[in-house]
Each structure stands twice: as C-alpha cells, then as structure tokens.
Amino acid sequence: MRTARILQLSIIAAVAGCSGNQSALDPQGAPAIHVEHLIIGITVICAAVWLLVMIVLGWALLRKRPSDSSQPGERSLTISVGSAVAATVIIITGLTIASFYTTRGIGLPENAALTITVRGQQWWWQVNYADPDPALSFQTANEIHIPVGQDVRVQLESADVVHSFWVPSLAGKQDLVPGRSNSLLLRAERPGIYRGQCAEFCGLQHTHMAMMVVADKPADYERWIAAQRQNGVMPTDPDAVAGKVAFLSKPCAACHTVRGTPATGTTGPDLTHIGSRKTIAAGLLETTRGSLAAWIADPQTLKPGNNMPMVPLTSVELRDISAYMESLK
Amino acid sequence: MTIREDGQNLRDTGLGEIELDHRLSATWSTPSGLWGALSSVDHKIIGRRYIVTAFVFLALGGLLAMAMRLQLSQPEARFIGPDRYNQIFTMHGTNMMFLFAVPVMEAMAVYLVPLMVGTRNIAFPRLNAFSYWMYLAGGLLLWIAFAVDTGPDIGWFAYVPLSGPQYAAGKRADIWAQMITFTEVSALAVAVEIVVTVFKQRAPGMSLDRIPLFVWSMLVTSFLIILAMPAIMIASSTLILDRLVGTHFFNPAEGGDVLLWQHLFWFFGHPEVYIIFLPAVGMVSTIVATFTRRPVFGYLAMVMALVATGVLAFGLWVHHMFVAGLPRLGESFFTASSMAIAIPAGLQIFCWLATMWAGRPVFRTPFLFVIGFMVIFVIGGMTGVMVASVPFDTQVHDTYFVVAHFHYVLVGGAVFPLLGAIYYWFPKITGRMMSETLGRWVFGLIFTGFNLTFFPMHILGLQGMPRRIYTYQPEMPWSGLNMFVSLSAVILAAGFLLFFIDAIRSSATGATAPANPWGASTLEWATSSPPPPYNFARLPVVGSLEPLSNNPETLPVASGLSVDRRELIVSSVVEALPEARESSPDNSIWPLWSALATTVLLIWSIFTPWAVVWGSIPVSIALIGWFWPKGTPEDDA
Amino acid sequence: MFGDINDAKWSFLATFLLVVAGAAFLGWAQQPRELRTDPPLVADLDRFRLMSNSIGGSPPESYFAEGKPYESDAYNLSQGQRLYTWFGCQSCHGDGRGNVGPSFLDGWWLYGPEMVSIVASIRDGRPHGMPAFRDRMTIEQIWQLAGYVQTIGAYSTKVAATGRRDDRHTRPAENRAPAKILFNEGPVGAHPDQGPSP
C-alpha cells in the first residue's frame with residue numbers, strides 16, 4: 124500500500140512536473156487523508172447498494188413468470204419493500220455518523236503553530252505572513268510555504284468577489300467571502316509541492332487562478348522565511364540593472380512592490396522575490412526569463428481579461444525587465 | 064330532464080353522439096387563423112406550444128453544451144475565449160433550469176392534468192395563455208441578449224458580488240435577473256392553475272385516493288413552486304435594486320450581506336431540483352403501471368413519499384453552502400436532512416421495483432427509458448448521499464464531480480422519464496405513434512452517450528478539476544478524460560438528434576394511434592387521440608384508481624352540462640362530489656396584450672426605474688381589457 | 017407535439033424563427049467585449065490633437081471607427097472605476113466631489129468635459145497639483161479612467177454607466193447621474209487655493 128502510494132506519487136510528480144499534484148485521491152495532509160478515507164468508505168458502500176439495486180432490477184424484469192396469471196401476494200411485497208426501506212435508514216444513519224466523526228477530525232485546532240492570511244483577488248492570491256514585529260512581516264503572492272508536519276491556520280479573506288481556496292492534496296476547500304473571515308486547517312505530512320486552484324467562479328480568469336503550496340522541511344522553511352524577509356536583491360547583471368531602471372520608470376512600479384525600491388504599488392502582486400517563485404501569473408507559467416518576457420509583453424493574450432495592462436516596451440526594455448524580474452530571487 | 068331549445072341553456076342530456084360532438088365543438092374549439100391561435104385558451108393548444116418551445120430551448124442548450132465540450136476537449140484550447148465561455152455556461156445552466164426543465168414539466172401538466180382528472184379545460188385558462196406568452200418573452204429576451212453579446216456571464220447562480228453593481232459591468236446581469244422574473248411569473252401562474260384544477264375540477268368520484276400518481280406529483284410540485292419561487296423573486300428583485308437604484312442588500316460595507324444572496328438563492332434553488340424531479344417521478348409511476356400491466360405497488364406509500372420529499376426539499380438548501388464558512392453544527396443538521404431525503408426516494412425506487420417484479424413487463428420504448436432512469440438515477444442518488452456529507456463535499460464541491468452528480472440526477476432523474484413520457488403520450492397529443500425502432504436507437508444512443516459523457520466527470524472532479532473553467536493547463540492530468548468526454552458527448556447529441564427527427568417525422572407520417580394504444584388505465588386514454596377541443600363528450604365518473612381497466616367498455620359518465628356555453632363540473636376537494644356547474648372562460652386576445660405590456664415594462668425597467676411607473680399604464684389598460692365584464696357567463700368565470 | 021395541427025407548427029416555427037432571427041439579424045449589432053485591444057490601436061490613442069489652450073481637441077480617427085469604446089462600453093467604464101481607486105484618485109478628488117483637487121460633480125469642468133481634455137489632464141498633468149500619470153498608467157488605462165471620470169460628471173446617465181461600488185455610500189451611484197443630482201445643490205465653492213482658473 125505504502126510503496127504503491129510512493130510509486131503513484133512519483134508517477135504523478137513525473138507527469139505533472141513542477142506544477143505539483145492537485146488531486147483529492149492523492150492526499151498528503153491529515154485533513155485530506157481523513158476525507159479520502161471517508162470518500163473511499165462511502166463510495167464502496169454506495170457502489171454495493173447500487174449493484175444490489177441493479178441485481179434486483181434485472182431479476183424483477185427478467186425473472187421467469189409463472190404461467191398462471193395469479194398475482195403474487197401483496198403481503199410479501201410489503202415485507203420486502205419495508206425491509207429495504209429499513210436497510211436504507213440504517214445505511215443512511217451509519218453514513219451520517221461517519222460523516223460527523225470525519226468533520227470533527229478535520230476541524231481547526233485551538234492554537235495552530237502558524238497563521239497565514241490569504242486574500243483572494245481577481246485573479247491571484249495575496250499571501251501575508253504576519254509577525255508581531257512589523258519588520259518581520261512580509262507579503263508574497265500565489266505561493267505559500269508551510270513547514271511539514273505542522274498545523275497551519277490559513278485565514279481567508281477576499282478583496283473583491285467570492286473565491287474558494289482549494290488545495291485538494293492537503294485539505295478540502297473553503298470560500299473567501301467578502302466581508303467575512305473564514306479559516307482552514309492546512310497540514311502536509313511530507314515535503315512537496317501541492318497545487319491548488321480557485322474553486323468558486325470569480326469572473327473572466329477564474330480558470331487561471333492557481334497557487335502552489337510548498338511544504339518544506341523545518342530547516343528549509345526557516346531559510347525561506349529569512350530570505351523572504353529580505354528586501355529585493357540589488358541586481359548585478361548589467362541587463363538586470365538596466366531592467367530595474369526601466370521597471371521603476373515605467374507603469375510597472377505603480378501597481379507592483381519591490382521592497383527596497385521606490386516601487387510600492389499594491390494593486391498587483393508583490394514582486395520582491397518573484398524570481399524565487401515556481402510560477403508567475405497565478406500558476407499560469409513556470410518562472411523563467413522567457414516566460415516572464417512573454418507575460419510582460421502580452422498579458423492579455425496569455426490570460427485575457429486580467430488586470431495587468433499591456434505596457435508598450437521596446438524589445439531591449441522587455442529583455443532587461445525580464446532579466447531584473449528573474450534576478451529577484 | 065327536458066331539453067330546452069331556446070338556445071340559451073341547452074344541456075347535453077339526451078343528445079345523440081353526433082349532435083353532441085357538433086355542438087360541443089362549436090362551443091369549445093379555437094377559431095382557425097392567426098388571430099384564433101393568438102387568442103386560444105385551450106389547455107391542449109397551450110400545453111403543446113409550451114412543450115415544443117421547451118424542447119427548442121433544450122436543443123439550443125444542448126448546442127451550448129457541445130460548444131463547451133469542444134472548448135474543453137484540449138488543454139488551453141482557443142476556440143472560445145473566457146468572456147464568451149462564461150456566457151455560454153451561464154446560458155446553458157439558466158436555459159436548462161429556467162427555460163427547459165421547469166417549463167417542460169409544467170407544460171406536460173398543462174396538457175395532461177385536465178385530461179387525467181377528467182375535465183374540459185384547466186382552471187384559469189386565460190392565465191394559462193398569459194403564462195405561456197410570458198415564458199416565451201423571457202426566453203427570447205435571454206437568447207437575443209446572448210446573440211448580441213449581452214448574455215449573462217455570472218453563472219446560473221449569479222453569486223454576488225460578482226453579479227452586483229461593481230463587478231458585473233453592463234446589462235448582462237440585469238438581463239439574467241429580469242429573465243428570472245418572466246419565468247417566475249409564468250411558473251407561479253401555472254402552479255396556481257394546477258392546484259385549483261386538481262382540487263376543484265376532478266371528475267365526480269375521483270376522491271383523493273383515486274387521483275393518478277402523475278397528478279399527485281404535479282400537485283406537490285405546484286406547491287413547491289408556490290413556496291419556493293418567492294425566494295428567488297426576492298433575490299432577483301433585490302439584485303436589480305442593488306444594481307439599478309443603488310440599494311445595499313448585498314454590500315458588506317453598508318451592512319448588507321453576501322451570504323444573504325446564497326441563502327435566498329438556494330432556498331429556491333434546492334426545491335427547484337425537486338420541482339424538476341417530482342413530475343418525473345409521476346411520469347415513471349404512470350409508465351411503470353402501464354407497461355407492467357398492474358397498478359403501482361404501494362399507492363399510499365408513493366403519495367406519502369412525494370409529500371415527504373416536498374417537505375424535506377425546503378430543509379436542505381445549506382448543503383450548497385457547506386464551504387461558505389457557516390457554523391459546523393448547523394452544517395451537520397443539513398447533512399442529516401440531506402441524507403434523510405434518500406429515504407423517501409429509496410421508498411419510491413423499491414415500490415417501482417416491487418411493481419416490476421410483480422407485474423408482466425412489456426419492453427416498449429417508454430419503459431426502456433424508465434429502466435434507464437432506474438440505472439442512472441440511483442447513481443445520482445448515491446453521489447447525492449456523498450455530497451450531503453460535509454467533509455466529502457469540501458473536496459468535491461464546485462468540481463466536475465458535482466457536475467456529474469447533478470447531470471445524473473437531472474438528466475437521469477428527469478430527462479429520461481420525460482423522453483419516456485413523450486414516447487408514451489405522443490399518440491395522445493398528436494394522434495400518431497412514434498417509431499418503435501427509432502425509439503430503441505434513441506434510447507440506446509442517449510443511454511450509452513450519457514454514461515460515457517458524465518461518468519468520467521466524477522473522476523475528473525476527484526482529480527481536482529474545478530467547474531466553470533474555460534480551459535486547463537497541459538500539465539494537468541485531465542486532458543485524456545476530457546477528450547473522451549467530448550467525444551462521448553457526440554454520441555449523446557446524436558441520440559437527441561435522432562429523437563428530434565423521430566418526433567418531427569412521426570408527427571407528420573407516424574402510424575395513426577387509437578384512443579388507448581398502450582392499454583393504459585387513466586382517464587386521458589378514455590377520449591380520442593388527439594382529444595377533441597372539449598376533451599370528453601360527457602364528463603366521466605370515476606369509481607376506482609384505474610377507471611379504464613376496471614370497466615373499459617362502460618365508463619360511467621355525468622350529464623346535464625350545457626353544450627352551447629363552456630361549462631365544466633366543480634367538485635369537492637376530498638370526495639370529488641359534484642358541487643356546481645361552472646363556466647369556463649372563452650378565448651381572449653387580452654392575455655397576449657397583457658403579456659406584451661408586462662414584457663415592455665420588465666425589459667424597460669432594466670434601463671430606468673421610471674419604467675415601473677410609466678410601464679404600468681399599458682399593463683393596467685391590458686388588465687382592464689382582460690377583466691372588463693362582457694356580460695357572458697364565460698367572462699364571469 | 018410537432019402536430020400536424022396548424023397551431024403547433026405555427027408556435028414551433030414562430031419560436032424557432034424568432035430565436036434564429038434574434039441570433040442572426042441582431043447579431044451584427046453586437047459590440048463584443050474587447051479584453052485585448054490591438055497594440056496599433058492602443059498606440060493610436062496617444063495621437064489625439066489638443067487645442068493650443070489645452071482645452072478640447074479631437075481624438076484619433078480610429079477612436080470613432082471603434083465606436084467610442086471608452087465612453088459607451090460598460091466594461092471599459094467599469095475598468096475605469098477600478099482604476100480610479102487603484103491609482104489613488106480619491107486622495108485628491110474624493111468620491112468625485114473633490115477635496116484638494118477639483119470636484120467632478122459641481123457642474124464646472126476647468127478644461128471642458130471632452131474626453132481628450134480629460135485624457136490630457138490625466139496623461140500630462142495640469143497646473144496646481146494634478147500630477148502626470150504618463151509613466152504610471154498605460155494610455156489605454158488613461159482612456160478607461162477618463163471615460164469613467166466623464167461618466168460621474170455627466171448630467172445625463174449613460175446607459176452603459178456602472179453601478180455603485182461595493183463600498184461606503186457617499187453619493188448616488190454612477191448610473192443615476194450623480195452630477196445632475198448634486199448640481200441642483202449648487203456649485204461647490206471655487207477653490208481659492210487652486211489659483212485662477214485657466
């Protein structure tokens with residue numbers, strides 16, 4: 124069973140590449156594992172009941188009728204139907220109780236080790252790692268890192284319309300509702316990249332609103348946190364240096380923040396460490412210099428209707444800005 | 064009783080068959096020509112119109128589904144852009160729910176219920192005509208808007224704030240909300256007519272325990288419509304107010320609530336499922352009884368199950384909101400209630416099984432569709448039990464699993480019985496039989512195509528594919544199954560195409576049908592196929608649940624009704640004892656004018672609230688024309 | 017159903033033909049929602065001509081050829097509404113009634129209510145504190161924003177006007193022509209700190 128799981132995982136990882144797995148049938152966190160057990164249990168019971176009904180249906184239709192026209196007793200039919208209904212009641216009650224127990228198993232614990240605030244926007248995820256010390260708080264986007272084996276509380280808010288946070292391999296989904304604050308327990312049992320996607324229809328680009336949850340070993344996680352708290356790196360590569368100048372003088376800086384520079388826009392995702400993220404544009408493309416350039420050059424073709432405008436750039440500016448973006452590790 | 068020849072109150076007593084037919088036809092028939100067609104109040108003509116229109120919308124909705132399957136057949140396909148795709152899936156859902164499923168069930172009832180309870184027309188026939196025109200206007204509004212790229216793009220559920228003033232630009236959401244108003248008005252009108260027809264116009268002797276099961280199911284459905292529709296009426300009206308005049312029902316910043324919309328919508332939206340499903344249950348019971356050559360086992364249990372389903376239907380709307388962040392304890396209650404509805408549904412299944420076991424099945428096309436219904440609907444019911452569980456639902460909510468689930472319930476649970484019902488009642492409606500050979504092909508293609516199309520969607524959903532996405536990335540492991548589903552959808556579409564061909568062909572050249580081709584036992588088969596404008600030359604008197612099988616040759620009839628003005632019998636609610644001779648309204652053009660005036664008001668009000676003031680003037684004029692006393696008994700009715 | 021009775025055919029045909037007619041004959045009238053404007057058209061938006069006193073002028077020809085999308089298209093107007101918030105217009109112009117900057121609702125347009133004037137004001141800035149947004153927004157965004165600004169200051173409602181935002185309610189919604197309602201309350205006092213009007 125366990126080896127099969129690992130084999131399955133490695134196949135999925137090989138197929139899915141860096142996109143991470145996104146399947147309720149491949150649970151890697153306690154809440155999702157509890158639910159998967161329930162899914163398998165209910166499915167087996169329901170399939171058995173369906174099969175039974177089909178056998179009875181086939182038998183009722185095709186059985187050999189007695190040649191005389193005598194009607195079978197109403198009494199025996201009443202007993203059969205009555206006992207079938209009684210069996211239904213028992214099965215339904217059993218499933219309801221199983222469901223209640225699973226619900227208790229996936230509830231949020233009193234105090235989670237870590238709280239992350241996720242704010243849904245059309246069509247990306249703003250992620251806030253808050254710290255009592257404001258200097259240690261930071262914001263990122265579309266990628267959430269969590270330490271393996273720890274309960275993480277995700278606080279869910281929406282900046283505009285209803286979204287739904289769903290990372291199937293780690294937990295069930297929970298809506299982000301404007302004017303309300305929901306929360307969800309997230310927990311990964313082993314390191315890996317788990318893909319998630321908005322599950323509530325939220326407009327034009329509901330399709331391309333994915334996020335990656337990266338479960339790190341505690342040491343890796345600490346290293347990541349420390350890196351994220353830094354300001355954006357000063358570029359050294361000449362292209363990237365020129366790119367930074369172009370970035371700051373063009374409309375880019377009006378919507379995006381790169382900490383440590385005059386770019387402090389808050390409309391778009393924080394780009395301070397965009398080069399370190401696995402994907403850009405909410406899971407649309409892998410982060411490479413080429414995909415960055417493609418995205419900046421024509422965001423409305425790749426993700427029609429998103430709020431990033433097509434900024435007119437020369438090819439040199441485009442190359443430099445993508446180099447700068449890539450250098451922001 | 065003496066026959067008075069003063070022409071004012073000629074009764075049918077003692078008239079010969081030919082004379083009777085002649086005089087009743089003159090009284091009840093619809094004049095030929097366009098004007099006659101527009102002013103008809105005959106429930107059969109209106110019911111037929113309703114059915115045909117609903118099937119046209121089914122075909123259009125099916126085309127949208129095929130467009131979506133084309134787009135989803137490959138990852139990152141570019142056949143349809145996100146803006147158009149969002150309109151298409153919204154149109155598909157809205158069209159199928161509001162313009163096909165509910166109206167077609169009501170349409171079947173408009174046609175069949177008066178015949179099945181043995182009366183000459185539906186109650187409030189002019190309201191019936193009005194409701195059809197409103198329905199047609201609402202459907203045209205939606206489809207023309209879609210044609211000019213103003214189709215709603217907010218989902219058939221129209222969640223705020225996405226459908227609200229800030230995020231839904233233009234008139235798209237207003238058109239959705241106003242289309243709801245049209246279908247609400249027409250659905251409520253039909254529901255009231257059916258309740259009154261069933262309660263007050265049953266044939267003498269058809270006491271409550273002798274009502275056919277289809278009529279019972281339509282009665283429960285009508286009550287569901289009357290109780291559920293006001294919720295969506297409030298929801299769509301408040302949405303329009305928020306959008307048009309700047310109210311704040313759903314604006315959190317001003318004390319409104321986003322979840323209020325979801326509660327209002329699903330308080331309607333869940334009973335809606337049973338509004339579609341319960342008539343189908345009635346159709347299944349009727350077809351099972353006819354093709355197993357015995358009454359349905361457990362009549363009382365079946366009726367109780369219908370009523371129980373109707374009551375429980377209002378207690379489980381929250382299972383559409385399990386991931387909205389409501390308190391867990393409350394959600395658990397709704398898990399229990401959602402699970403509990405499996406009990407009356409199971410009871411009905413077991414009763415049909417018992418009927419089939421005890422009877423002698425005849426495998427004709429209508430019965431094949433019922434067998435297909437049993438296979439598919441039970442799967443839909445099982446997945447329904449699954450999504451009723453909160454933890455299960457957190458993984459499959461808003462995924463293709465749910466898409467598969469509700470297509471199994473709605474197509475398996477309602478469209479299969481409906482197609483069976485069309486094959487079953489087609490001879491009654493048109494006087495011609497549909498092709499048995501083609502019917503078997505239609506069933507085979509639709510059954511195979513349906514399962515191949517929708518079963519894999521369960522797996523896609525569990526593999527993490529969300530609903531309402533216009534494409535997916537190549538690295539997601541969904542492309543193979545999606546291509547398979549798209550190809551299977553072609554089989555399904557071929558089945559429907561064949562059905563339409565068969566229906567159109569048979570209506571022109573099918574074999575002529577006798578009055579009772581299936582040997583059925585309910586009253587609609589006691590009259591000719593198609594029925595004369597007055598339905599029954601003499602109103603039947605019912606002495607049992609199966610009036611035709613107990614005494615097929617000599618159905619007792621009542622006499623004493625006028626033949627030179629429209630009259631029918633009003634009977635008591637429980638025992639159906641005749642109480643009075645009541646006149647039934649004559650043809651009138653005013654329902655059409657009223658519907659047109661209302662249409663102008665409703666569409667105009669998308670653009671300015673003043674339309675409600677100025678638009679009410681033509682509506683008032685039309686209603687005054689409608690109700691103006693003309694001094695004839697038909698108009699007093 | 018599809019009975020050989022005249023009436024059934026009539027209703028079937030009527031429904032079908034009306035729907036098809038709606039799709040085909042009205043289809044030409046559709047104005048598809050453009051999510052991506054062609055780059056040459058966008059570049060052309062920068063080439064409007066302004067009168068020498070910077071009040072009024074004429075938009076590029078292509079703007080008319082496209083059917084004045086930034087004034088009449090609901091999608092562009094609602095994008096403009098978002099940009100109004102995102103680019104901090106509120107910090108000076110409030111909800112449209114002005115604060116440090118002039119009001120859009122008092123009936124007075126310092127540079128006239130034409131689109132090109134508003135676009136020029138946003139793009140190039142104006143004396144007395146209006147910054148230039150040339151380097152902060154693309155020209156397409158500027159046109160979207162200008163269309164929105166013109167809408168909230170219009171005296172008659174545009175059919176395509178956006179509704180209110182899901183926010184605190186401080187003035188009537190855009191689709192109710194707030195300028196018309198507030199104009200009747202009398203003009204907002206001149207802004208003495210703004211210097212002389214142009």
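As you go down the protein sequences, you meet chains X, Y and C in turn. Just so you know, we're using the working numbering here: the first sequence kicks off at 124 and counts up by one. Just so you know, we're using the working numbering here: the second sequence kicks off at 64 and counts up by one. Just so you know, we're using the working numbering here: the third sequence kicks off at 17 and counts up by one. Yeah, the Cβ is synthetic: ideal placement off N, Cα and C, and Gly gets one too.
Restricting attention to alpha helix (DSSP H) runs no shorter than 4 residues, the stretch 357-408 of chain Y encloses them at 362-375, 391-403, ordered along the chain.
When Cβ-Cβ separations below 8 Å define contact, E130 of chain C makes no contact with chain X. Cα atoms of G413 of chain X and S445 of chain X: separation of roughly 8 Å, rounded to the nearest angstrom.
For the set C:F80, C:R181, C:A193, C:L198, the Cα lying nearest the Cα of D305 of chain Y is the one of C:R181. Distance from the CA atom of P692 of chain Y to the CA atom of S194 of chain Y, rounded to whole angstroms, is 22 Å. The C-beta distance from A193 of chain C to S172 of chain C rounds to 6 Å, short enough to fall under 8 Å. Per the coordinates, the alpha-carbon of L307 of chain Y lies some 14 Å from the alpha-carbon of A298 of chain Y.
Shown in chain order are the members of the stretch 86-101 of chain C whose Cβ falls below 9 Å from a Cβ of chain Y: D89, A90, Y91, N92, L93, S94, Q95, Q97, R98. Residues of the stretch 139-163 of chain C that bring their beta carbon within less than 7 Å of a beta carbon in chain X comprise D151, R152, M153, T154, E156, Q157, in sequence order. Put simply, the backbone Cα of N115 of chain C is about 5 Å away from that of H109 of chain C. Nearest to N354 of chain X by alpha-carbon distance, out of X:P255, X:I397, X:C375, is X:I397. Contact check for R318 of chain X and Q145 of chain X: beta-carbon distance about 4 Å, within the 8 Å limit, so the pair qualifies. Under the rule that a run must span 3 or more residues, the beta strand (DSSP E) segments found entirely inside the stretch 612-692 of chain Y read 630-634, 641-646. At a cut-off of 8 Å between beta carbons, K401 of chain X makes no contact with chain Y.
The stretch 275-295 of chain Y and the stretch 220-231 of chain Y do not touch, with fewer than three beta-carbon pairs separated by less than 8 Å. Taking CB atoms only, D212 of chain Y has a neighbour in chain C less than 8 Å away. Note that the C-beta distance between H106 of chain Y and P188 of chain Y is below 8 Å. With a contact defined as Cβ atoms closer than 8 Å, L218 of chain X and M402 of chain Y qualify at about 6 Å.
Taking 8 Å as the CB threshold, D54 of chain C stays off the interface with chain Y.
Taken through DSSP and simplified to helix, strand or coil, W248 of chain X comes out as strand. Excluding five sequence positions before and after A90 of chain C, the CB atoms of its chain that fall closer than 6 Å to its own CB belong to A176, given in chain order. Taking a beta-carbon distance threshold of 8 Å, R306 of chain Y counts as an interface residue toward chain C. For Y447 of chain X, no beta strand (DSSP E) encloses it; the enclosing alpha helix (DSSP H) starts and ends at 438-450. Sequence-distant partners of S679 of chain Y (beyond 5 residues in either direction) whose C-beta falls short of 8 Å from its own C-beta, in its chain, are L664. Contact annotation, W667 of chain Y with A674 of chain Y: C-beta distance approximately 4 Å; criterion of less than 8 Å satisfied.
For L299 of chain X, the three-state secondary structure derived from DSSP is strand. Across the structure, V604 of chain Y and A417 of chain Y are spaced so that their CA atoms are roughly 30 Å apart.
For K187 of chain X, no CB of chain Y lies under 8 Å from its own CB, so it is not counted at the interface with that chain. Against chain C, the CB of T384 of chain X has no partner CB under 8 Å away; the residue lies outside that interface. Under the three-pair Cβ rule at 8 Å, the stretch 238-252 of chain Y does not count as touching the stretch 263-273 of chain Y. Nearest CB-CB separation between E317 of chain Y and chain C: below the 8 Å threshold. Note: I316 of chain X is bridge-paired with X:V337 in the DSSP secondary-structure output.
Residue pairing by DSSP places A264 of chain X opposite X:Q249 in a beta bridge.
With a 10 Å radius around the Cβ and a threshold of 16 neighbouring Cβ atoms, I81 of chain Y comes out exposed. When CB distances to chain X are screened at a threshold of 8 Å, the residues of the stretch 122-153 of chain Y falling below it are G144, P145, D146, N149, in chain order. Residue pairing by DSSP puts P529 of chain Y in a beta bridge opposite Y:T462.
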